[in-house]
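Peer 1: Numbering-wise, the UniProt record's numbering puts 38 at position 38 of the sequence shown, and it's gapless, one number per residue. Questions regarding the structure given below will be posed in turn.
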Amino acid sequence: MESFCFIFIQVIAILGAVSLFYGVNVNLNNILPILLLIVVFSLFAVCIGIFTTALAKKKLVAIIFVHL
1 MESFCFIFIQ
11 VIAILGAVSL
21 FYGVNVNLNN
31 ILPILLLIVV
41 FSLFAVCIGI
51 FTTALAKKKL
61 VAIIFVHL
């Protein structure tokens, strides 16, 4: 859960900086779809990380058992 929060906070900070530098008008109508996309992509990134970690651990365990 902490990786999701970390990714989410990073993206919000980047969007805030972009809106400050380029003067984008941010209101509730255009921020909600962006926040929804950020949430979906952050969860997707976390799921990919969990999957690859589990896959790497499984291969590592398989390699250890083959050499025993």
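Where a beta carbon is used, it is the ideal one built from N, C-alpha and C, also for glycine.
Please look up how many angstroms separate the CB atoms of Val39 and Ser3, rounded, as I've assumed it's under 8 Å.
Peer 2: In fact, because the Cβ distance is near 13 Å, the residues do not count as touching under 8 Å.
Peer 1: Give me, in chain order, the residues of the same chain whose beta-carbon lies closer than 7 Å to that of Leu43; leave out the 5 immediate sequence neighbours on both sides.
Peer 2: Here the set comprises Phe4.
Peer 1: Please classify Ile7 as buried or exposed, where buried requires at least 16 other C-beta atoms within 10 Å of its C-beta.
Peer 2: buried
Peer 1: Give the secondary structure of Val24 by DSSP, where H, G and I count as helix, E and B as strand, and everything else as coil.
Peer 2: coil
Peer 1: How many Å lie between Ile12 and Ser19 at the Cα?
Peer 2: 10 Å
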